[in-house]
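Participant: My questions all concern the structure below.
In my numbering, the protein residues as written are 18 to 414.
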């Protein structure tokens, strides 16, 4: 018998399908395939597998899920290796990989790294923050920052298995990821944005799994927020949704002030080598990542999104509802930025043909969207990791 589908589940299914259909229309329209037929076929296959997994999922043993989990993970890793080997990164018009690679090239050559333009254009510059380059340094040393795609897939696969304590949800997480054209686009162009989203998602998952809290693990929370915020600007959004409520209602005024100052101080510390790179021309203030990550925006839209984020931050009580509000907020935030782009830039071409539209940011929703859709395959009520509610508020000195 099929489990009754709730509106929140339907909404997350819709978000998942919309994101992936966007990629089908934008990138398959450049091939001989008809994107509308592909999108229809993709939707039917997705819904059919969803029904089949719900009907037959309980009949499959944990041992069988373990076997197909490892088989699927191996196939995905093999596919990534093939794509890294056979797709020339210089042949794609996406420069996230070269933003990291050329930054580190300049750094080790003693040149100011944030002035390194990418392979796509002399007006495109690196936008990630310093800690993200440190994380990608091992992959750069190995010869290809695309190797990070393998690392973050393994990290996600093993972390989901550990946190949910079962191969069943871990398998379905991988299956939904494997079925996502948006994910394979990330692999094909060696993009690191979804890898960064996985890092933040898994950090929050680990924090919840360990039963940590902002009050009882205050200094750990400070370092976690500061270091993750120093990877990409987009990393701040899930962190804000996760920590905002305890920050407001649990911390004393003294700790609130300390938290803000400590996070800003650590952020400044990570940026300081580049701020003081050249104290004669102060090149940092003429070329820095904030210029690349905040080029398009509207203050009124931003204020509206901040208000919505603050509201949603108070709406979740356990990790399942956190997945829901984060997926929804990220989707609306990215959608609002695209609408703002249309208005401010007066872009008249289709979202599928104009390069100014960067639909890849919608992929940031996927970890949370997929995790929420695992509701069909996780017993939320009995799992201590899932069912544990947010701790009752209390102040600390």
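Even glycine gets a Cβ: it sits at the ideal position worked out from N, Cα and C. Just so we're clear, the structure is a prediction, and the values are computed from it rather than from any experiment.
By Cβ distance below 6 Å, which residues in the same chain neighbour residue 385 in space, the five residues on each side in sequence not counted?
Facilitator: For the purposes of this step, residue 385 is taken as the residue at position 368 of the chain shown. 340, 343, 344, listed in sequence order.
Participant: Smallest Cα separation from residue 163: which of 142, 138, 115, 147?
Facilitator: Within the chain shown, the letter at position 146 stands for residue 163. If we check each option's Cα against that of residue 163, 115 comes out closest.
Participant: Taking the C-alpha atoms as reference points, what is the distance between residue 378 and residue 265?
Facilitator: In the chain shown, the residue the question calls residue 378 occupies position 361. In the chain shown, the residue the question calls residue 265 occupies position 248. Cα-Cα distance, rounded: 29 Å.
Participant: What number of angstroms, rounded off, separates the C-alpha of residue 240 from the C-alpha of residue 57?
Facilitator: One-based indexing of the chain shown puts residue 240 at position 223. One-based indexing of the chain shown puts residue 57 at position 40. When rounded, the distance between both Cα atoms is 45 Å.
Participant: Roughly how many whole angstroms lie between the Cα atoms of residue 150 and residue 91?
Facilitator: The count along the chain shown starts at 1 and reaches residue 150 at position 133. The count along the chain shown starts at 1 and reaches residue 91 at position 74. Taking the straight line joining both Cα atoms gives about 27 Å.
Participant: Using a threshold of 8 Å, state whether the C-beta atoms of residue 306 and residue 146 are closer than that.
Facilitator: Working through the chain shown from its first residue, we reach residue 306 at position 289. Working through the chain shown from its first residue, we reach residue 146 at position 129. It is a contact, given that the beta carbons lie within the stated cut-off.
Participant: Counting C-beta neighbours from all protein chains within 10 Å, is the total for residue 200 16 or more, i.e. buried, or is it exposed?
Facilitator: As a first step, residue 200 must be located in the chain shown, where it is residue number 183. Residue 200 comes out buried.
Participant: Can you tell me the Cβ-Cβ gap for residue 350 and residue 254, rounded? I've got them flagged as a contact below 8 Å.
Facilitator: Numbered from its first residue, the chain shown carries residue 350 at position 333. Numbered from its first residue, the chain shown carries residue 254 at position 237. Residue 350 to residue 254, Cβ: 7 Å. Contact.
Participant: I need the boundaries of the alpha helix (DSSP H) containing residue 83, first residue and last residue.
Facilitator: Numbered from its first residue, the chain shown carries residue 83 at position 66. That run of the alpha helix (DSSP H) goes 79–103.
Participant: Please classify residue 213: does DSSP put it in a helix, a strand, or coil?
Facilitator: Translated into positions along the chain shown, residue 213 becomes position 196. Helix at residue 213.
Participant: Which whole runs of the alpha helix (DSSP H) in the segment 120–170 are 4 residues long or more, in chain order?
Facilitator: Those alpha helix (DSSP H) runs which fall completely within the segment 120–170 and span 4+ residues are 147–158.
Participant: Could you check if residue 108 is buried or exposed, using at least 16 other CB atoms within 10 Å of its CB as the buried criterion?
Facilitator: The residue you call residue 108 lines up with position 91 of the chain shown. So residue 108 ends up on the exposed side.
Participant: Would you mind reading off the limits of the alpha helix (DSSP H) that contains residue 53?
Facilitator: As a working note, residue 53 is residue 36 in the chain shown. Run containing residue 53: 52–73, per the alpha helix (DSSP H) assignment.
Participant: Please classify residue 37: does DSSP put it in a helix, a strand, or coil?
Facilitator: Locating residue 37 in the chain shown gives position 20, counting from the first residue. Helix, per DSSP.
Participant: Where does residue 226 sit, in a helix, a strand or coil, going by DSSP?
Facilitator: The sequence position of residue 226 within the chain shown is 209, counting from 1. Residue state, collapsed to three classes: helix.
Participant: Might you give, ordered along the chain, the residues of its own chain that have their beta carbon closer than 8 Å to the beta carbon of residue 60, omitting 5 neighbours on each side?
Facilitator: Walking along the chain shown from the start, residue 60 turns up at place 43. The answer, listed in chain order, is 34, 38.
Participant: Who are the Cβ neighbours of residue 141 in its own chain at under 7 Å, not counting the five residues just before and after it?
Facilitator: Within the chain shown, the letter at position 124 stands for residue 141. Taken in chain order, the residues that qualify are 112, 134, 135.
Participant: Going by alpha carbons, who is nearest to residue 275 out of 231, 321, 166?
Facilitator: Numbered from its first residue, the chain shown carries residue 275 at position 258. It is 231 whose Cα lies nearest to the Cα of residue 275.
Participant: I need the straight-line Cα distance from residue 285 to residue 127, nearest angstrom please.
Facilitator: Sequence index remark: in the chain shown, residue 285 carries index 268 (1-based). Sequence index remark: in the chain shown, residue 127 carries index 110 (1-based). So the alpha carbons of these two residues sit roughly 21 Å apart.
Participant: What separation, rounded to the nearest whole angstrom, lies between the Cα atoms of residue 170 and residue 132?
Facilitator: Within the chain shown, residue 170 is the residue found at index 153, counting from 1. Within the chain shown, residue 132 is the residue found at index 115, counting from 1. Rounded to whole angstroms, residue 170 and residue 132 show a C-alpha spacing of 31 Å.
Participant: In the DSSP assignment, find the alpha helix (DSSP H) that holds residue 386 and state where it starts and stops.
Facilitator: Residue mapping note: residue 386 aligns to position 369 of the chain shown, counting from 1. That run of the alpha helix (DSSP H) goes 383–390.
Participant: Nearest CA to the CA of residue 260: which residue from 328, 62, 195, 293?
Facilitator: Working through the chain shown from its first residue, we reach residue 260 at position 243. Selected option, being the one with the closest Cα: 328.
Participant: Could you check whether the Cβ of residue 58 sits closer than 8 Å to any Cβ belonging to chain C?
Facilitator: In the displayed structure, chain C is absent; only one protein chain is listed.
Participant: Give the range of the alpha helix (DSSP H) segment to which residue 301 is assigned.
Facilitator: Indexing the chain shown from 1 puts residue 301 at position 284. Run containing residue 301: none; DSSP gives neither H nor E here.
Participant: Along the alpha helix (DSSP H) that carries residue 238, what are the first and last residues, could you check?
Facilitator: The residue you call residue 238 lines up with position 221 of the chain shown. Taken as a continuous stretch (DSSP letters only), the alpha helix (DSSP H) holding residue 238 covers 235–246.
Participant: What are the start and end residues of the alpha helix (DSSP H) that includes residue 186?
Facilitator: The sequence position of residue 186 within the chain shown is 169, counting from 1. Looking at the DSSP string, the run of the alpha helix (DSSP H) that includes residue 186 is 184–195.
Participant: Out of curiosity, what's the CA-to-CA distance linking residue 252 and residue 63?
Facilitator: Here residue 252 refers to the residue found at position 235 when the chain shown is read from its first residue. Here residue 63 refers to the residue found at position 46 when the chain shown is read from its first residue. If I take the Cα positions, the gap works out to 29 Å.
Participant: Could you check what DSSP says for residue 296 in three-state terms: helix, strand or coil?
Facilitator: For the purposes of this step, residue 296 is taken as the residue at position 279 of the chain shown. Residue 296 falls in the coil class under three-state DSSP.
Participant: For residue 346 and residue 325, which I take to be in contact (beta-carbon distance under 8 Å), what is that distance rounded to the nearest angstrom?
Facilitator: Counting from 1 along the chain shown, the entry for residue 346 is found at position 329. Counting from 1 along the chain shown, the entry for residue 325 is found at position 308. Sure, about 7 Å apart at Cβ, within 8 Å.
Participant: Apart from the five residues on each side of it in sequence, which residues of its chain come closer than 6 Å, Cβ to Cβ, to residue 229?
Facilitator: Your numbering for residue 229 matches position 212 in the chain shown. Closer than 6 Å at Cβ, skipping near neighbours: no residue.
Participant: I'd like to know whether the C-beta atoms of residue 55 and residue 41 end up nearer to each other than 8 Å.
Facilitator: Looking up residue 55 in the chain shown gives position 38. Looking up residue 41 in the chain shown gives position 24. Contact flag set, yes.
Participant: How big is the Cα-Cα spacing for residue 277 and residue 270?
Facilitator: Here residue 277 is taken as the residue at index 260 of the chain shown, counted from 1. Here residue 270 is taken as the residue at index 253 of the chain shown, counted from 1. Rounded to the nearest angstrom, the two C-alpha atoms are 11 Å apart.
Participant: Looking only at C-alpha atoms, which of 202, 188, 242, 174 sits nearest to residue 215?
Facilitator: Taking the first residue of the chain shown as position 1, residue 215 is located at position 198. Measuring from the Cα of residue 215, the nearest candidate turns out to be 174.
Participant: Output yes or no for whether 8 Å exceeds the beta carbon distance between residue 180 and residue 222.
Facilitator: As a first step, residue 180 is located in the chain shown; it is residue number 163 there, counting from the start. As a first step, residue 222 is located in the chain shown; it is residue number 205 there, counting from the start. For the pair residue 180 and residue 222, the CB atoms are nearer than the 8 Å cut-off.
Participant: Using the Cβ count rule (16 or more neighbours within 10 Å means buried), how would you classify residue 225?
Facilitator: Position 208 of the chain shown holds residue 225. Buried: at least 16 other Cβ atoms inside 10 Å.
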